[in-house]
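Residue numbering for the sequence shown follows this note's numbering, starting at 25 and increasing by one per position. Glycine is no exception: its CB is placed at the ideal position from the N, C-alpha and C atoms. A quick note: this is a predicted structure, and the numbers were derived from the prediction, not measured.
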Amino acid sequence: MSSSSSVSLRMVVILGLLSAIGPFAIDMYLPALPQIGASLNAPVGAVQASLTAFFIALGLGQPVFGSLSDMWGRKKPLYLGLVIFIVASIGCALAQDIHTLVTLRFVQGLGAAAGMVVPRAVVRDLHTGHEAARMMSLLMLVFSVSPILAPLAGSGVIALGGWRLVFWAVTLAAVLGLAAMVRGLPETRDAAARHESSMVDVFKAYAFLLRDLRYLGLVFIGATAMAGFFVYLAGSPFVLINHYGLSATQYSLAFAFNAIAFIGAAQFTGALGKRYGLVSIVKIAASACGVVMCCLLAYYLMGGDNLYVLIGLYFVSSGLMGLVIPTTSVLALDDHGDIAGTASALLGTLQMLTGAIAMQIVGLFSNGKPLPMVIGMAAGALTGVLLTWITLSGNRSKALH
């Protein structure tokens, strides 16, 4: 392995660890919800509010840290976010009532937002085009280990020391991420560019991005793919466990099966983009995802009800989303290198809010059966197809076709 390849791999591991801290704080925490309710004598809704607070803060915090990363450089906002996360995590571990826990989960989510937004800006600082797609897919590989390992790790931690130990575990992960960043992550934002940034520039940047229809189109193509995942995330426990009768372990394996499809496909984005062009990859993958989800929807509308059909077709869909999401992120940031932190922040916020809204809407119609979930997933995929062809048809290719 060459020295440059070794450096690149080390950078990806560090950025992936920083990106995964927030998701680990979600996924490890999920198995603990019933125990938290019993321990703090809190109703189900109040316990779920601690999860909602984290998601809201994660979305709201990204524009803040993205803007700071353009003004201060990439490392200082990461330091600030990790310190906030660590302090809040310790507070969560020591919380004695549900209201304190909800408040601290919100603060914890704000800190985690830095790890969600800044690594994407670092990738854009270092690379563009095909190389950026390759690095983004490697980053996604590290990041995507969370939904596979975190629930199982959380269950083990809870069995070992109860729900409070989960927060000590994520505190340790954040400390390790902080140490890795100090030792192995250079500052990638040029000092001259930092000096040229101010809050006025930040507001101008957001106004500019919100008028950039190509950027918004690419962001929402990824957002519709994320929305389909959010709908599946919210509905699949009830559908797979209650409707189809899977055990918790079997459900975890089914969830991991789909995550592996996403991770595996994402690793081909760089090579495929180099051969066929990133725009072509998005068009083909998004369209194919729409076809697959239409087939799944038609199956259930015609009265079908088979677990293996659901898992099999969603496996294919997950793989196609693994091509769409990192590639659209690269394309969305590619024209905005001078404001990559702000562009990355807005991308993350819009995608997370889109997913959360979709999850809430579908939740209004959920009845524990597959059809409402499948309708929501298919709607997201078809919206993505429409946005893909509106946004990318007739656009300049730049060397990306």
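Nearest to Leu321 by alpha-carbon distance, out of Gly400, Leu416, Pro101 and Arg207, is Gly400. Only buried fits Lys307, as 16 or more other CB atoms lie within 10 angstroms of its CB. Put simply, the backbone Cα of Phe286 is about 21 Å away from that of Leu377. Within 10 angstroms of the beta-carbon of Tyr332 lie fewer than 16 other beta-carbons, which makes it exposed. At the C-beta level, Gly105 and Thr366 stay beyond 9 Å of one another.
Taking the Cα positions, Val71 is about 10 Å away from Ala77. Within the segment 221-282, the alpha helix (DSSP H) runs of at least 4 residues that lie entirely inside it are, in chain order, 223-235 and 237-260.
When rounded, the separation of the alpha-carbon atoms in Gly387 and Tyr275 is 20 Å.
Burial is judged here by how many other beta carbons sit within 10 angstroms of a residue's own beta carbon; Asp329 has fewer than 16 and is exposed. Between the alpha carbons of Thr195 and Gln291 lies a distance of about 30 Å. Taking C-beta atoms as the reference points, Leu334 and Val409 fail to come closer than 9 Å. In the three-state reduction of the DSSP assignment, Thr195 falls in the helix class. Thr293 and Pro350 have their alpha carbons spaced roughly 8 Å apart.
9 Å or more divides the Cβ of Val243 from the Cβ of Ala138. Only residues of its own chain outside the window of five on either side were considered, and among them Leu344, Leu347 and Val348 have a CB closer than 7 Å to the CB of Ala309, listed in chain order. The Cβ atoms of Ala145 and Ser93 sit closer than 9 Å to each other. Take the alpha-carbon of Gly208 and the one of Leu200: they are about 12 Å apart. With fewer than 16 other beta carbons inside 10 angstroms of its own, Val224 counts as exposed.
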